[in-house]
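Only one structure is covered here, and it is reproduced in the block below.
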Amino acid sequence: ETHYANDNVKSLPYNDRYEIPQKNWDLGNTVLGTGNFGIVVKGSVEIGARKSMIAIKTVKSPDDIVDFKTTLLELKIMAHIGHHHHIVKLIAASTENIHKRKILIGVEFCANGSLLSYMQKRKKLFTNNVEDGQMHFTSMPQSNENKLVDGLYDNLMVMTSDISTLDLYKWSFQIACGMNFLDSKKVLHADLAARNILLTDDLVVKISDFGLSRDLFQNSEYTKKTQVALPWKWMAIESLKFLKFSTKSDVWSYGVTLYEVFTLGDDPYTGQTWTEEFVTLLENGMRLERPPFCTINTYNRVMMQCWQKEPAERITFGDAMSFFEKAIGLLT
Ligand code: ACK
C-alpha cells in the first residue's frame with residue numbers, strides 16, 4: 571500500500587523557509603470565506619522590502635483540536651511539496667503562536683475566488699460549443715480577451731467577459747496537472763471539488779484546501795463534527811464504505827469535479843440526501859449523467875473512467891492530462 575505524506579503528520583518535518591514574523595503581517599477585516607476548519611481573510615505581508623497582497627488562512631476555532639490539526643497539516647504539506655503552477659502558492663507562514671494553537675498561512679490571492687462561485691455567476695454568459703454531444707467547430711470559441719465587451723459597458727469589462735467550452739476544457743486540464751503533481755509528491759487531496767479550486771485574475775486554476783488526512787476521517791471527533799459536511803457526493807465507493815482514501819479515490823472526486831465544471835457548477839446528484847442506500851446505488855452502477863457542456867467522448871473516456879468501481883481500473887491524472895491536452899489542441 572502506498573504511503574502518503576498525509577499519513578504521518580507528526581513525522582513530516584516542518585520546512586520553516588516560509589516563516590515570516592507576526593509583526594510583518596497585516597490581517598485585514600475582509601473575510602473572504604469560512605471553510606470547515608479555517609477562516610480566510612484578505613491581508614498583506616511584508617517580505618524584505620516587498621509588501622504582497624495575500625489570502626490568510628487561520629484556524630477557525632483554536633479550541634477545536636480538529637481545526638488546529640487540519641490547518642497545521644495543510645501548512646506542513648504545502649511547505650513540503652514546493653511550488654506548482656496549478657497548486658495555490660504558499661507565500662508566508664507563521665507558527666510563532668502555535669502554543670496558543672494559532673497558525674497563519676499566507677497564500678497567493680486569487681482574485682476570481684472559487685471556481686464554483688465563478689462558474690455559477692457566469693452561467694448566463696457562456697458560449698457553448700457542444701451540441702448533441704459533439705464539438706462544433708463552425709462556431710469556434712474565442713479567447714476571453716476577444717470576448718471583452720467594449721463601448722457601452724467599458725467599466726463592466728470583467729463582469730461581461732464571457733467564458734466558453736474552451737475554458738472548461740482548459741480548467742479540466744489544469745486541475746489534472748495540479749493533481750498529477752500532488753500524486754507525484756505522494757500527497758492526497760481527499761476533498762477535491764470545485765469549491766476547493768481557486769481562480770486567479772487571468773483565470774488560471776489553483777488547487778487549494780488539500781491535506782485532509784485519512785487519520786482525520788477516521789478520527790471520531792472529525793466525523794462527529796462534519797457529519798453534515800462530509801463530502802459524500804465527491805467520495806469514491808471505497809471511501810464511503812471503508813474510509814479508504816488513495817490517489818485513486820482522488821481520481822473519483824476529479825470525475826465529480828469535472829461534472830461540476832461541465833455543468834457550470836450544478837450540484838451533483840441534485841436533490842439527493844445522504845442515506846446508506848446511496849452507496850448501494852453506486853455499487854449497482856448508478857453514475858452522474860453526461861453534462862450538456864462536454865462531449866460524449868469526454869464523458870465516456872474520462873468521467874466514466876474516473877468512476878470505475880475497481881480503483882485500479884480508474885484512469886490516472888496523467889491520462890486525463892493527455893486527453894484534455896489533445897482536446898484543447900483540437901479546439902484552438
Ligand atoms: O468563492 P469565494 O469568494 O473564494 O469563497 C471562497 C472562500 O474564500 C472560502 O474558501 C475564498 N478564498 C479562499 N482562498 C482564497 C484565495 N487564496 N484568494 C482569494 N479568495 C480565496 C474563496
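Be aware that the sequence shown starts at 571, since it is given in mature numbering (1 follows the signal peptide of the UniProt record, and there is no 0), and climbs by one per residue.
Glycine is no exception: its CB is placed at the ideal position from the N, C-alpha and C atoms.
All values derive from a computational prediction rather than experimental measurement.
Exposed unless 16 or more other CB atoms sit within 10 angstroms - verdict on residue i
{"i": "L722", "result": "For L722, the predicted model reports a pLDDT of 38, less than 50, meaning its position is unreliable; a value from the coordinates is still stated below. Label assigned to L722: exposed."}
{"i": "G618", "result": "exposed"}
{"i": "Q704", "result": "exposed"}
{"i": "T685", "result": "Inspection of the sequence shows that residue 685 is occupied by Leu rather than by Thr. With 16 or more other Cβ atoms within 10 Å, it is buried."}
{"i": "H656", "result": "buried"}
{"i": "L851", "result": "exposed"}
{"i": "G608", "result": "buried"}
{"i": "Q842", "result": "exposed"}
{"i": "M729", "result": "Residue placement at M729 cannot be trusted, given a pLDDT of 45 that sits under 50; the coordinates are not used to answer."}
{"i": "N854", "result": "exposed"}
{"i": "F780", "result": "buried"}
{"i": "N699", "result": "buried"}
{"i": "V798", "result": "Unreliable placement is indicated for V798, whose pLDDT of 47 sits below 50; the coordinate value is still reported in the next sentence. Label assigned to V798: exposed."}
{"i": "L645", "result": "buried"}
{"i": "E830", "result": "buried"}
{"i": "L900", "result": "exposed"}
{"i": "P711", "result": "Per-residue confidence for P711 stands at a pLDDT of 48, beneath the threshold of 50, marking its modelled position as unreliable; the derived number appears in the next sentence. Label assigned to P711: buried."}
{"i": "K818", "result": "buried"}
{"i": "S713", "result": "Because the pLDDT at S713 is just 49, under 50, the model does not fix this residue reliably, and the value given afterwards should be weighed accordingly. That one is exposed."}
{"i": "A882", "result": "exposed"}
{"i": "S778", "result": "buried"}
{"i": "S816", "result": "buried"}
{"i": "V601", "result": "exposed"}
{"i": "T840", "result": "exposed"}
{"i": "P591", "result": "exposed"}
{"i": "D761", "result": "buried"}
{"i": "M689", "result": "buried"}
{"i": "W822", "result": "buried"}
{"i": "T845", "result": "exposed"}
{"i": "I661", "result": "buried"}
{"i": "I866", "result": "exposed"}
{"i": "residue 519", "result": "It is not possible to answer for residue 519, since the shown part of the chain is limited to 571 through 902."}
{"i": "S664", "result": "buried"}
{"i": "K776", "result": "buried"}
{"i": "S631", "result": "exposed"}
Residue span of the beta strand (DSSP E) that contains residue i, given as start and end
{"i": "I767", "result": "I767 to L769"}
{"i": "K612", "result": "G608 to I617"}
{"i": "I661", "result": "L660 to S664"}
{"i": "V629", "result": "R620 to V629"}
{"i": "L602", "result": "W595 to T604"}
{"i": "K776", "result": "V775 to I777"}
{"i": "I675", "result": "L674 to E678"}
Residue i: first and last residue of the uninterrupted alpha helix (DSSP H) it sits in
{"i": "L642", "result": "I635 to I651"}
{"i": "E895", "result": "F887 to L901"}
{"i": "G748", "result": "T735 to S754"}
{"i": "L685", "result": "L685 to K691"}
Minimum Cβ-Cβ distance from residue i to chain C less than 8 Å
{"i": "F743", "result": "Here there is only one protein chain, and chain C is not present."}
Residue i beta carbon near the ligand MN (any heavy atom closer than 7 Å)
{"i": "F751", "result": "The ligand MN is not among the ligands present in this structure, which contains only the ligand ACK."}
Open item on the list: Does the structure place the segment 671–687 close enough to the segment 635–646 that three or more beta carbon pairs sit under 8 Å?
Closed with: With a cut-off of 8 Å, the segment 671–687 and the segment 635–646 count as touching, because enough Cβ pairs lie within range.
- [ ] Give a yes or no on contact between the segment 607–615 and the segment 571–581, applying the rule of three or more CB pairs nearer than 8 Å.
- [x] no
TODO: Would you check if the segment 878–888 and the segment 741–751 touch, i.e. whether three or more CB-CB distances between them fall below 8 Å?
DONE: The count of Cβ pairs closer than 8 Å, one atom from the segment 741–751 and one from the segment 878–888, reaches three, so the stretches are in contact.
Task: the segment 645–664 in contact with the segment 584–597 per 3-pair CB rule at 8 Å - done: yes
Open item on the list: What ranges does the alpha helix (DSSP H) occupy inside the segment 796–860, keeping only unbroken runs of at least 4 residues that lie completely in it?
Closed with: The qualifying runs are 807–812, 817–832 and 847–853.
Open item on the list: Taking contact to mean 3 or more Cβ pairs, one atom from each stretch, closer than 8 Å, check whether the segment 623–632 and the segment 677–684 are in contact.
Closed with: yes
- [ ] Report yes or no: do three or more beta-carbon pairs, one from the segment 762–776 and one from the segment 892–902, lie closer than 8 Å?
- [x] no
Open item on the list: Quick check: the segment 738–745 against the segment 808–815, are at least 3 beta-carbon pairs closer than 8 Å?
Closed with: Put simply, the segment 808–815 does not touch the segment 738–745. Fewer than three CB pairs are less than 8 Å apart.
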